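In the numbering used here, the protein residues as written are 8 to 220.
The following block contains the structure:
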């Protein structure tokens, strides 16, 4: 990771760590917060390309802080490393040997509201801001493609998800995220109403472990 990107990741993590102490000053009763880590897999695509289907798989890892608001509501502050992008694989049965791979890697800071259902399941919704750490496009010859335009360094996304507790410390879950603003203009520069460019669409499957209760 380049030094400038590392500095940004450190700043984002520092911001996340300062949030719980600030929140605890809002009232005289300090509500509990929980620290943990999360690992998983992303299945992703980029809307606005000419390829359909979710064919790109990537890594998802994060550290999180959850602060209880009451027995049913909580706020989660999440700093993650998330691999996104899209893949158009060859189709040899149709004599299509072309391949396209877009690899994107982000450092993301997310603020998520958690609602605990009476069944024990958590429902999540929130917003995220990501910083682009790496962007690479290649073809079937593993040659880098540079003619498609620049990606924006910042991504803003909406997040929804569900978490299933396995024990007091372990949860498995799924979250979907969708870019709110384009991550890049369309290659041909075209726009139509709200269709202003390419958007990340990601489905994450995760395992999380709470270190501190």
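In this text, a Cβ means the ideal position worked out from N, Cα and C, and glycines have one as well. In this text, all values refer to a predicted model and were calculated from it rather than measured experimentally.
- Is residue 210 closer than 8 angstroms to residue 53 when the C-beta atoms are compared? no
- For residue 105, is the classification buried or exposed, using 16 other Cβ atoms within 10 angstroms of its Cβ as the cut-off for buried? exposed
- Item | Any alpha helix (DSSP H) of 4 or more consecutive residues that is wholly inside the segment 69 to 148 | The qualifying runs do not exist here; there are none.
- How is the beta strand (DSSP E) around residue 219 delimited, first residue to last? Run containing residue 219: 206 to 219, per the beta strand (DSSP E) assignment.
- Of all the CB atoms in chain C, is at least one closer than 8 angstroms to the CB of residue 128? Among the chains in the structure shown there is no chain C, since it carries only a single protein chain.
- Item | For residue 52, the residue or residues it bridges with in DSSP | Looking at the DSSP assignment, residue 52 forms a beta bridge with 208.
- CB-CB under 6 angstroms to residue 188, same chain, minus the five flanking residues each way: which ones, in chain order? 163
- Query: Quick one: is residue 125 buried, meaning 16 or more other Cβ sit within 10 Å of its Cβ, or exposed?
  - Reply: exposed
- Is residue 94 near residue 49, with beta carbons less than 8 angstroms apart? no
- Message: For residue 42, list the residues DSSP reports as bridge partners.
- Response: 72, 219
- Please look up how many angstroms separate the CB atoms of residue 86 and residue 121, rounded, as I've assumed it's under 8 angstroms. No, residue 86 and residue 121 are not in contact; Cβ-Cβ is about 16 angstroms, not under 8 angstroms.
- Check residue 174 in the structure and name its three-state DSSP category. coil
- Task: Can you have a look at residue 143 and say buried or exposed, based on whether 16 or more other CB atoms are within 10 angstroms of its CB?
- Result: exposed
- Item | Selection from 107, 57, 90 that minimises the alpha carbon distance to residue 97 | By alpha-carbon distance to residue 97, the top candidate from 107, 57, 90 is 107.
- Message: Using only the alpha-carbon positions, how far apart do residue 119 and residue 186 sit?
- Response: If you take the alpha carbons of residue 119 and residue 186, they lie about 15 angstroms apart.
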